[in-house]
Amino acid sequence: MPVFLAILFALPAGAEQLTVAVASNFLQPARALGEKFEASSGQPVRVTTASTGKLYAQIVHGAPFDVLFAADKDRPLLLEESGLGVKGTRFTYAVGRLVLWSEDPLMSGANCEDALASLGKRRLAIANPLTAPYGEAAKEYLEVAGLWQAVQPQLVYGENIAQTLHFVVSGGANFGLIARSQAIDKRLPDATCSRLIPQEMHAPLEQQAILLRRAEKNETAAEFLAFVAGPVGRQTIEEHGYSVAQ
Numbered sequence: 000m001p002v003f004l005a006i007l008f009a010l011p012a013g014a015e016q017l018t019v020a021v022a023s024n025f026l027q028p029a030r031a032l033g034e035k036f037e038a039s040s041g042q043p044v045r046v047t048t049a050s051t052g053k054l055y056a057q058i059v060h061g062a063p064f065d066v067l068f069a070a071d072k073d074r075p076l077l078l079e080e081s082g083l084g085v086k087g088t089r090f091t092y093a094v095g096r097l098v099l100w101s102e103d104p105l106m107s108g109a110n111c112e113d114a115l116a117s118l119g120k121r122r123l124a125i126a127n128p129l130t131a132p133y134g135e136a137a138k139e140y141l142e143v144a145g146l147w148q149a150v151q152p153q154l155v156y157g158e159n160i161a162q163t164l165h166f167v168v169s170g171g172a173n174f175g176l177i178a179r180s181q182a183i184d185k186r187l188p189d190a191t192c193s194r195l196i197p198q199e200m201h202a203p204l205e206q207q208a209i210l211l212r213r214a215e216k217n218e219t220a221a222e223f224l225a226f227v228a229g230p231v232g233r234q235t236i237e238e239h240g241y242s243v244a245q
């Protein structure tokens, strides 16, 4: 049994109410995980979502969250080092991917990347690189591709990756750099062009979770993290377009 699971199972019983802070890109799988956990345990999971940067700031300022599912590994590490996260409970629950996506009819059959290299007056939506890890990855990709300076005047910034997708679907932007988990969502309109960004063109989107200090004695929080790391949790995460750590 992994060390963090042993720690979680060893935690004493406490409050059963569970509030989970979830990065925007992971909202749908988090809801699915919450429903499956409630079905098996009888314990409800309350999910709140925002960009990782905003969730981190809220936790630092005392927000009543029990668990954080971040879109990076940096904020969970900072929480652990500051004592706001329980040492030994931090783990990688998913590895995300970035997708260049459009439903612009004029892009039908076109090469997304070629179009990106000659945006003209068209708009590109990305999440805010300062607060959203997927936005940071988008900026890195554009820099590596040699496009960052050229596309800056045409950028539309989403507060988080969910708002970034909204801009593209609503017509506020012609293209978006979104999460793969969003791009494969069956509720999304069909793409006219789509490209999975090579992993080597940006830092890995390694997403980590951590038990927060206020929930150190919350048995339900411990059980939920163990559930996410277990077979049902891992399968659910993979079904939503993520890789899981081996």
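Take the sequence shown: its position 125, counted from the start at 1, is 124 in numbering that gives the first Met the number 0, and no numbers get skipped.
Every residue gets a Cβ at the ideal spot worked out from N, C-alpha and C, and that includes glycine.
In this text the structure is predicted, and so the values were computed from the model without any measurement.
**Request:** Check the C-beta distance from residue 69 over to residue 51 and give it rounded, since I have them as a contact under 8 angstroms.
**Result:** For residue 69 against residue 51, the beta-carbon gap comes to about 5 angstroms, under 8 angstroms, which counts as contact.
**Message:** Give me, in chain order, the residues of the same chain whose beta-carbon lies closer than 7 angstroms to that of residue 65; leave out the 5 immediate sequence neighbours on both sides.
**Reply:** 17, 18, 19, 211, 213, 214, 217 and 220.
**Asked** Under the three-state reduction of DSSP, which class applies to residue 202: helix, strand or coil?
**Response** Reduced to three states, the DSSP call for residue 202 is coil.
**Message:** Suppose only complete runs of 4+ residues qualify. What are the alpha helix (DSSP H) ranges in the segment 60–142, listed by chain order?
**Reply:** Within the segment 60–142, the complete alpha helix (DSSP H) segments of 4 residues or longer fall at 73–81 and 111–115, listed in chain order.
**Message:** Quick check on residue 239: buried or exposed, where buried means 16 or more other Cβ atoms within 10 Å of its Cβ?
**Reply:** Burial call: buried.
**Request:** Report all residues from its chain with a CB closer than 6 angstroms to the CB of residue 200; omit the five preceding and five following residues, and keep chain order.
**Result:** Excluding sequence positions up to five before and after residue 200, its CB lies within less than 6 angstroms of the CB of 140 and 143, all in the same chain and listed in chain order.
**Item:** Sequence-distant residues of its chain with Cβ nearer than 7 angstroms to residue 107 (five each side left out)
**Value:** Same-chain partners within the cutoff: 191.
**Request:** List the endpoints of the continuous beta strand (DSSP E) containing residue 193.
**Result:** Looking at the DSSP string, the run of the beta strand (DSSP E) that includes residue 193 is 192–195.
**Request:** Taking the CB atoms as reference points, tell me whether residue 181 and residue 164 lie closer together than 8 angstroms.
**Result:** Remark: C-beta atoms of residue 181 and residue 164 approach each other more closely than 8 angstroms.
**Request:** Just mark residue 101 as buried or exposed, buried being the case when its beta carbon has 16 or more other beta carbons within 10 Å.
**Result:** So residue 101 counts as buried.
**Asked** What distance in whole Å lies between the Cβ atoms of residue 112 and residue 194, which are believed to be in contact at a cut-off of 8 angstroms?
**Response** The pair is a contact, with the Cβ atoms about 6 angstroms apart (cut-off 8 angstroms).
**Prompt:** Taking the alpha carbon of residue 198 as the point to measure from, which residue in 179, 209, 189 and 45 has its own alpha carbon closest?
**Reply:** It is 179.
**Item:** Sheet register partners of residue 177 (DSSP bridge)
**Value:** Bridge partners of residue 177: 98.
**Request:** Return yes when the Cβ of residue 67 is within less than 8 angstroms of the Cβ of residue 54, no when it is not.
**Result:** Yes, the Cβ-Cβ distance between residue 54 and residue 67 is below 8 angstroms.
**Request:** Please determine if the segment 109–123 and the segment 32–49 are in contact, where contact requires at least 3 C-beta pairs separated by less than 8 angstroms.
**Result:** Segments in contact, no.
**Asked** Between the Cα of residue 203 and the Cα atoms of 96, 92 and 87, which residue gives the shortest distance?
**Response** Checking every option, the nearest Cα to that of residue 203 belongs to 96.
**Request:** On a CA-only basis, which of 27, 22 and 45 is nearest residue 223? Give me that one, please.
**Result:** Of 27, 22 and 45, the residue nearest in Cα terms is 45.
**Asked** Does the beta-carbon of residue 231 have 16 or more other beta-carbons within 10 angstroms, so that it is buried, or is it exposed?
**Response** Using a 10 angstroms sphere on the CB of residue 231, the tally of other CB atoms stays under 16, which defines it as exposed.
**Item:** Whole-angstrom distance between residue 170 and residue 86, CA atom to CA atom
**Value:** In a straight line, the C-alpha of residue 86 is about 44 angstroms away from that of residue 170.
**Item:** Contact set for residue 89: own chain, Cβ-Cβ below 6 angstroms, skip 5 residues either direction
**Value:** Closer than 6 angstroms at Cβ, skipping near neighbours: 75, 79, 207 and 209.
**Asked** Would you report the Cα separation of residue 83 and residue 167, rounded to the nearest angstrom?
**Response** Their Cα atoms are separated by approximately 36 angstroms.
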